[in-house]
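To start, the structure under review is shown below, and the notes come after it.
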Ligand code: 5AD
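Residue numbers (the working numbering): 1221 to 1580.
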């Protein structure tokens, strides 16, 4: 291996990029090291990879959290079935008016996210999806509403949904069992992800960083799963305890580990759409900027009505709960501009080929 002019550490990072793979020992090293030069090299290599794929642009997605009812009881999540949180469900007109306001602000991707709420039958959800796509045919619609049947995913796709986010949470079955009650399984989650991809959605998987029971080995399994599944999007953010959940007393994940993993994921999947998440912005004041500088290229400002934001509390101290949509967009634009990136509202679809000048 040619290492002339490079430190052995830099060569090790270059190899991740070249092979688009990482071995367990390299992952262990990257998560533990305090070698600032190596970490700088990791971030730089990842950022350059993202720049080659998408340029100096960060895609904005308007996020609408439309229901916090959930039939699941995930031990980490603040809107789990047994949580005492106050429940809400937006009416179709409210959701459409959020989209309308978002459209006026320039957003061309809407992400409709919610708990697994039985009220949203296929009929209701398909109605909502087609209403959004009819009014704003130039926008991409992303759904993030958990596990549903293959037929349901197909019906929603036929109604016009373009993308789907469903984090796998952990690719290690025993770890999955530690984070969820017995009625949920990794096998089911993986089956859903496969169905979504087969149907033709742009699909996102992902996991929390620093969730209870996570180890280098479970993270290694996550990275190998991501490599093999080859999703269009990957959502990762630090685990943040929510006081009313069984994990309310567990330590939070760190911004540092999240940022290192963002870079590694960028090197494994150069073209992936990779958000610097709200959770990352919550545990570190410069979290989103640091995420972008380490290879992320998406941010998802909140377009939910102010009155319900406090209630969609997956974890405590969630960032940006007090910024109006427009304010939120402007703050993010400014944050991105400060680090030399342009926040763009364009649909920002996954690109199979690197962009040419004309495509920008
Ligand atoms: N901390 C961080 N992320 C969380 N999520 C749920 N609860 C928490 C928490 N306490 C993440 C999960 C889920 C996504 C919508 O939010 O990964 O898939």
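Positions of the beta carbon are idealized from the N, C-alpha and C atoms, including for glycine.
Quiz item: What is the DSSP secondary structure of residue 1427, counted as helix, strand or coil?
Solution: When DSSP states are grouped into helix, strand and coil, residue 1427 belongs to the strand group.
Quiz prompt | Reduced DSSP secondary structure (H/G/I, E/B, other) of residue 1509 | solution = helix
Quiz item: Considering only the beta carbon of each residue, do residue 1287 and residue 1340 sit closer than 9 angstroms?
Solution: yes
Quiz item: What number of angstroms, rounded off, separates the C-alpha of residue 1239 from the C-alpha of residue 1440?
Solution: 16 angstroms
Quiz prompt | Beta-carbon proximity list for residue 1432, same chain, < 6 angstroms, skipping 5 on both sides | solution = 1467, 1470
Self-check item: At least 3 beta-carbon pairs within less than 8 angstroms: the segment 1472 to 1488 vs the segment 1310 to 1328
Solution: No, the segment 1472 to 1488 is not in contact with the segment 1310 to 1328.
Quiz item: Are the CB atoms of residue 1583 and residue 1386 nearer to each other than 9 angstroms?
Solution: The shown model of the chain, from 1221 to 1580, leaves out residue 1583, and the question about it has no answer.
Self-check item: Beta-ladder partner(s) of residue 1364, from DSSP
Solution: 1333
Practice problem: With a floor of 3 residues, list each beta strand (DSSP E) that falls wholly inside the segment 1269 to 1301, ordered by position along the chain. | Solution: Fully enclosed beta strand (DSSP E) runs of 3 or longer: 1277 to 1280, 1282 to 1287.
Quiz item: How many Å lie between residue 1414 and residue 1328 at the Cα?
Solution: 26 angstroms
Quiz item: How many angstroms separate the CA atom of residue 1291 from the CA atom of residue 1275?
Solution: 41 angstroms
Self-check item: Buried/exposed call for residue 1302, threshold 16 Cβ in 10 Å
Solution: exposed
Quiz item: In chain order, what residues of the same chain have a beta carbon less than 6 angstroms from the beta carbon of residue 1312, not counting five sequence neighbours either side?
Solution: 1348
Quiz item: If you run the structure through DSSP and keep just helix, strand and coil, what is residue 1456?
Solution: strand
Quiz item: Would DSSP call residue 1566 helix, strand or coil?
Solution: coil
Quiz item: Would you say residue 1478 touches ligand 1, meaning its beta carbon is less than 8 angstroms from a heavy atom?
Solution: no
Self-check item: Between the CA atoms of residue 1429 and residue 1459 - distance to the nearest angstrom
Solution: 6 angstroms
Quiz item: Between residue 1539 and residue 1501, which are expected to be in contact by the criterion C-beta below 8 angstroms, what is the C-beta distance as a whole number of angstroms?
Solution: 4 angstroms
Exercise. Pair every Cβ in the segment 1488 to 1499 with every Cβ in the segment 1439 to 1455, then say whether three or more of these pairs are closer than 8 angstroms.
Key: At 8 angstroms Cβ cutoff, the stretches touch.
Quiz item: Quick one: what does DSSP say residue 1328 is sitting in, helix, strand or coil?
Solution: coil
Quiz item: Within 8 angstroms: the Cβ of residue 1287 and any heavy atom of ligand 1?
Solution: No, ligand 1 has no heavy atom inside 8 angstroms of this Cβ.
Quiz item: Can you tell me whether DSSP reads residue 1228 as helix, strand or coil?
Solution: DSSP places residue 1228 in helix when its eight states are reduced to three.
Quiz prompt | Euclidean distance between Cα positions of residue 1473 and residue 1505 | solution = 15 angstroms
Quiz item: Beta carbon of residue 1401: closer than 8 angstroms to some heavy atom of ligand 1?
Solution: The answer is no for residue 1401.
Practice problem: Report back the beta-carbon spacing between residue 1307 and residue 1367 to the nearest angstrom; my notes put them in contact at under 8 angstroms. | Solution: No, residue 1307 and residue 1367 are not in contact; Cβ-Cβ is about 20 angstroms, not under 8 angstroms.
Quiz item: Around the Cβ of residue 1378, are there at least 16 other Cβ atoms within 10 angstroms (buried) or fewer (exposed)?
Solution: Exposed, since its Cβ has fewer than 16 Cβ neighbours within 10 Å.
Practice problem: Tell me whether residue 1222 is buried or exposed, calling it buried when 16 or more other Cβ atoms sit within 10 Å of its Cβ. | Solution: Interpretation of residue 1222 is limited by its pLDDT of 49, a score under 50 that renders its predicted location unreliable; the figure taken from the coordinates is listed afterwards. Exposed.
Quiz item: For residue 1260, does the count of other Cβ atoms within 10 angstroms reach 16, so buried, or fall short, so exposed?
Solution: exposed
Practice problem: May I have the straight-line CA-CA distance separating residue 1352 from residue 1363, to the nearest angstrom? | Solution: 12 angstroms
Quiz item: Does DSSP put residue 1422 in a helix, in a strand, or in coil?
Solution: strand
Quiz item: For residue 1389, is the beta carbon positioned less than 8 angstroms from some heavy atom of ligand 1?
Solution: yes
Quiz item: Who are the Cβ neighbours of residue 1543 in its own chain at under 7 angstroms, not counting the five residues just before and after it?
Solution: 1551
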